[in-house]
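Going line by line, the protein sequences match chains A and B.
If you count the first sequence from 1, position 287 lands on 287 in full-length UniProt numbering, and the numbers rise without skipping.
If you count the second sequence from 1, position 429 lands on 429 in full-length UniProt numbering, and the numbers rise without skipping.
For reference, the structure discussed in these notes is given below.
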Amino acid sequence: MGNHSDGTPTSSDAVAKAGHDEVDKFQDPGLPPHRLRLADTDPKAAKRAEHQVAWLFIISIVGTLIFFVGYFGVRLDDTLDTLRLQNTFLGIGVAFAMLGIGTGIVHWARALMPDHEVAEERHELRSEEDRLAAIQIIDDIVDETGIKRRPLIRNTLIGAVALAPLPAIAIFRDLGPLPGNALRHTLWKEGERLSRDPDGTPIRAADVTIGSAFHVIPESLNKLEHGKLNEKAKAVVLLMRLNPEDLNPSEGREDWAYNGIVAYSKICTHVGCPVALYEQQTHHLLCPCHQSTFDLTQECKVIFGPAVRPLPQLPITVDAEGYLVAQSDFHEPVGPSFWERG
Amino acid sequence: MSTAPQTTFEPKTATGRITNFVDERVGGSGMLREFGRKVFPDHWSFMFGEVALYTFVILLLSGTFLTFFFDPSMAETHYNGSYVPLKGVEMSVAYSSSLDISFEIRGGLFMRQVHHWSALLFVAAVSVHMLRVFFTGAFRKPRELNWVVGGVLLILSMAAGFTGYSLPDDLLSGNGLRIIDGVVKSIPIVGTYISFFLFGGEFPGTVIIGRLYMMHIMLVPALILLMIAIHLFMVVIHKHTQYPGPGRNDRNVVGYPLGPVYAAKAGGFFFIVFGIIAFVAATFTINPIWNYGPYDPSPVSAGTQPDWYIGWVDGALRLMPGWFFNIPMEWHIRFPWGVNTLSFNVLGPALIPAGIVFTALFLYPWIERWVTRDNREHHVLDRPRNVPTRTAIGVSGFIFYCVMWAAASSDLIATHFQVSLNDVTYWLRALFFIGPVLGFIVTKRVALALQRKDREIALHGRETGRIVRLPHGEFQEIHAQLDDYKRYKLVGYESPVAEEGIPNENGIVTKKENLRAKLSGFFFEDRVAPATPSELEAGHHHEAIEASDDDKAIKH
Ligand code: HEM
Ligand code: FES
Chain A
1 MGNHSDGTPT SSDAVAKAGH DEVDKFQDPG LPPHRLRLAD TDPKAAKRAE HQVAWLFIIS
61 IVGTLIFFVG YFGVRLDDTL DTLRLQNTFL GIGVAFAMLG IGTGIVHWAR ALMPDHEVAE
121 ERHELRSEED RLAAIQIIDD IVDETGIKRR PLIRNTLIGA VALAPLPAIA IFRDLGPLPG
181 NALRHTLWKE GERLSRDPDG TPIRAADVTI GSAFHVIPES LNKLEHGKLN EKAKAVVLLM
241 RLNPEDLNPS EGREDWAYNG IVAYSKICTH VGCPVALYEQ QTHHLLCPCH QSTFDLTQEC
301 KVIFGPAVRP LPQLPITVDA EGYLVAQSDF HEPVGPSFWE RG
Chain B
1 MSTAPQTTFE PKTATGRITN FVDERVGGSG MLREFGRKVF PDHWSFMFGE VALYTFVILL
61 LSGTFLTFFF DPSMAETHYN GSYVPLKGVE MSVAYSSSLD ISFEIRGGLF MRQVHHWSAL
121 LFVAAVSVHM LRVFFTGAFR KPRELNWVVG GVLLILSMAA GFTGYSLPDD LLSGNGLRII
181 DGVVKSIPIV GTYISFFLFG GEFPGTVIIG RLYMMHIMLV PALILLMIAI HLFMVVIHKH
241 TQYPGPGRND RNVVGYPLGP VYAAKAGGFF FIVFGIIAFV AATFTINPIW NYGPYDPSPV
301 SAGTQPDWYI GWVDGALRLM PGWFFNIPME WHIRFPWGVN TLSFNVLGPA LIPAGIVFTA
361 LFLYPWIERW VTRDNREHHV LDRPRNVPTR TAIGVSGFIF YCVMWAAASS DLIATHFQVS
421 LNDVTYWLRA LFFIGPVLGF IVTKRVALAL QRKDREIALH GRETGRIVRL PHGEFQEIHA
481 QLDDYKRYKL VGYESPVAEE GIPNENGIVT KKENLRAKLS GFFFEDRVAP ATPSELEAGH
541 HHEAIEASDD DKAIKH
């Protein structure tokens, strides 16, 4: 017993060696006998099916009517409710219209159309003869061009064909300007006031209580004629006030904060989402896109998630009127890394 | 045969006259004769490809409607429509026109919903269709090229979805673009330039929506259409595959003739798909852009999700740690001209998993053919259990994908199950590596077990649940023997054995051949042979031997 699992290769082509003796194999019994449906034998059942199909088509007609009731019957005022109501009428109407037709036809096909499965031979995809002829034709064509005998033509042709697509690439050059230094600068500059996003009212240092957080834009942003979004996409800042002893500024950054008030770029150093969530108790900033977590007490070092670099800090101070202002631009590019960033 | 038309043939019926008119001018009769009764096998799992086709048609219809009203301009405007909460808000024309489609155009919201829901279903149908093709081995010769076309369609469908998702220029779509911009910038050497060329300068600029619009309504749909045409053309050339069963083999095709049954069922099914989408669009709101507001680089709401088909890439971005213990995944590389930055924490997860998935997907038919040396044409599908290793590979890849996909919702998982977000991420990181391996092992065991059960049933029949007491006191359950047709379904498959390396003409087993032999072992080592008539015969005589026999059937 058990020799069925010991294979013997049956052909040297050995596509798949039959795992068992070829003779000891169940023979294909052929298609099972056709079984008649009720509707094939009983005229009453057939009549019933006919009626069912017709009813389904009638449901479709009703659906189309429902659509028109919704389209002309529902008056839109300025509320979402009427809009929703109309949308429901239109959708349900179309749904019935379509489902009626669809189920009707399918039911018709299943119950009443002939359901004999038939077998058809597959044709040979390819004939040996055709293939030989095709190869011959290709050879002849290549031969008649003489390209093999005339390397000069061949080589210059290769050169020409290799170069010809270059204009098709070069012509896209004006899709945009070169990066230049654009990614290294933002609207922030010495004396630029920190103002509230989005209305642009400047923020007094005294307004910033411990534990509070502000979404900040440069005061001059709203005065821009155009390119506002481009500038905003780089310049947005989060402003928070901690106990000064919770901040641990590194050398050279001791005076970047004012009275425990710190400003950090809001553009995630991962791929650029706004780091919008501030957890007051832990002093963590969380990026909602891929959950990079930055620790405010460690100069926004990454403590979890896919980002690598800390959020850039904006050095701030106050002006004569007590408003928060930037000491300078960021000292490094904000947002995601790029090849030339260095 | 085309007859000499003008003279001999006199049509008698109206149908005949029309057919004759057309045939005399363009000669369609030959085609109708070829296709009118062409046989198509039927099975529920063949439905997914149809759903994909129909949802694409619905996308074309609803999308064309939207183009009549949508304006892809990024010029600034102040909203002046009927949605009160946004009155006077500064926004792009694209966003405002999407709002107008929703609020001002009767049926516009419905069309947007139909378009979006069919987009989700389209990509889903393409994906599930590919899984069906994979697990049943339908990609084998002669259909390898069509498998590749299918893979291209999968990529194109995701591109269509993504470009469309970005068009309304709402907060979420803009955030999606921002992520794309960040990923593009991480490409070494050319990344920054590509970003600037794509956005016409710095992100977000004022041109990206117009450019995506062109791709979304022209380039990508045209490519999809072309690929679908090639795809269906090849289906017709190859004829459809069929599931194994009595009367079905590699030389025939068993099913319903195109006209009328198959055409009616397929045509009817289009309306059903349309109806279901209309129903869903009527009852479930998708992408309520008025809740999100216009794109603004500053706010973002937590818990928002990309469309499902983008999830796995987003999830990969989430899974990647920026710091591997104390080693940063962003590297500053010193060159003679200065220092350049390679952001592997972004580039790696964006490229590597997708690279693995698509490379494996495109190459798999050739890999399997090389390993199995099976160069025959196959028109009968495999039941997944009968090719345990392939099925296990498929499940393993599927799990790989699903882990990334789940990772895109790590925050939702964390809040829903009230566990720490970081823990969810750690677990998913582990699963990313372990999941596919476990999936492989478990699937293979399950497939082998199912095969053994098939053997059991083929040889001993089905359990009936009726217990009888034999004369000598033993209790036994009555088994109902299968009829020949049912049995053939269980035994009509091949179970090749692993191959030794085959020496080449110089009598040497090359390194490559050795590798192939090893892989062949990997593929075929564990096998359950189909039951044979002699076993059935033997079983009728000595029931007792059978019990131990089964254990031998699986060899290691
Ligand atoms: C081929 C597959 C396609 C997919 C997967 C797809 C997907 C999408 C998605 C997800 C949206 C966002 C919908 C929303 O507003 O919620 C969209 C918008 C849009 N699509 Fe398509 N689409 C496809 C084809 C087309 C075609 C062929 C056209 C036009 C001929 C078209 C025209 C539009 C337009 C005008 C919009 C913007 C309208 C709006 O958002 O209000 N789409 N598409
Ligand atoms: S963009 Fe912030 S974590 Fe990815």
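Idealized CB from N, CA, C, for every residue including glycine.
These figures come from a predicted structure and were not determined experimentally.
- Sequence-distant partners of residue 188/B (beyond 5 residues in either direction) whose C-beta falls short of 8 Å from its own C-beta, in its chain, are 340, 342, 347.
- At a threshold of 8 Å, residue 292/A counts as near ligand 2, since its beta carbon sits closer than that to one of the ligand's heavy atoms.
- Shortest gap from the CB of residue 216/B to any heavy atom of ligand 1: under 8 Å.
- Fully contained in the region 457 to 483 of chain B are the following beta strand (DSSP E) runs of length 3 or more, in chain order: 462 to 469, 475 to 480.
- One thing to note: residue 92/B has its Cβ within 9 Å of the Cβ of residue 169/B.
- With contacts defined as CB atoms closer than 9 Å, residue 254/B and residue 118/A qualify as a contacting pair.
- By a beta-carbon distance limit of 8 Å, residue 156/B contacts residue 224/B. Their separation comes to about 5 Å.
- Contact note: residue 197/A reaches chain B through 298, using a C-beta cutoff of 7 Å and chain order.
- Proximity of the beta carbon of residue 112/B to ligand 1 is indicated: a heavy atom of the ligand is located closer than 8 Å.
- Residue 500/B holds the alpha-carbon nearest to the alpha-carbon of residue 372/B among 80/B, 500/B, 305/B.
- Residue 243/B places its beta carbon less than 9 Å from that of residue 43/B.
- According to the DSSP secondary-structure assignment, residue 339/A is paired through a beta bridge with no residue.
- Shortest gap from the CB of residue 200/B to any heavy atom of ligand 2: 8 Å or more.
- Secondary structure of residue 295/A (DSSP, three-state): strand.
- Within the region 305 to 317 of chain A, 305, 306, 307, 308, 309 place their CB atoms closer than 8 Å to a CB of chain B, listed in sequence order.
- With 16 or more other CB atoms across the displayed protein chains lying within 10 angstroms of its CB, residue 199/B is buried.
- Counting only the Cα atoms, residue 386/B lies some 19 Å from residue 461/B.
- Taking 9 Å as the threshold, the shortest C-beta distance from residue 148/A to chain B does not fall below it.
- Every residue whose beta carbon comes nearer than 5 Å to a heavy atom of ligand 1 appears here in chain order: 59/B, 60/B, 63/B, 64/B, 66/B, 67/B, 70/B, 98/B, 101/B, 112/B, 116/B, 119/B, 160/B, 161/B, 164/B, 165/B, 167/B, 168/B, 217/B, 221/B, 287/B.
- A distance of 9 Å or more separates the beta carbons of residue 335/A and residue 293/A.
- Along the length of the region 229 to 301 of chain B, whole alpha helix (DSSP H) runs at least 4 residues long occupy 263 to 283, 289 to 292, reported in chain order.
- Cβ neighbours of residue 47/B within its own chain (closer than 8 Å, five residues either side excluded): 269.
- Think of a sphere of 9 Å around the beta carbon of residue 379/B: the chain A residues whose beta carbon falls inside it are 122, in chain order.
- For residue 126/B, the enclosing alpha helix (DSSP H) covers residues 108 to 135.
- The alpha carbon of residue 277/B has as its nearest neighbour, out of 292/B, 113/B, 249/B, 262/B, the alpha carbon of 113/B.
- In the three-state DSSP reduction, residue 255/A falls in the coil class, being neither helix nor strand.
- Of all residues in the region 477 to 497 of chain B, those with a C-beta nearer than 8 Å to a C-beta of chain A are 484, 485, 487, 488, 491, 492, 494, 495, 496, 497, reading in chain order.
- Of the heavy atoms belonging to ligand 2, at least one sits nearer than 8 Å to the Cβ of residue 287/A.
- Bounds of any alpha helix (DSSP H) do not take in residue 330/A, whose DSSP letter is neither H nor E.
- In the pairwise beta carbon analysis, the region 170 to 188 of chain A is classified as not touching the region 202 to 211 of chain A: fewer than three pairs are separated by under 8 Å.
- If only complete runs of 3 or more residues are kept, the region 74 to 156 of chain A shows the beta strand (DSSP E) at 118 to 121, in order along the chain.
- In the DSSP assignment, residue 204/A forms a beta bridge with 323/A.
- Relative to ligand 2, residue 306/A has its C-beta within less than 8 Å of a heavy atom.
- Sorting 266/A, 47/A, 109/A, 282/A by C-alpha distance to the C-alpha of residue 330/A places 266/A at the top.
- A distance criterion of 8 Å places the beta-carbon of residue 387/B beyond contact range of ligand 2, judged by its closest non-hydrogen atom.
- Three or more beta-carbon pairs separated by less than 8 Å link the region 69 to 85 of chain B to the region 96 to 107 of chain B, which places the two stretches in contact.
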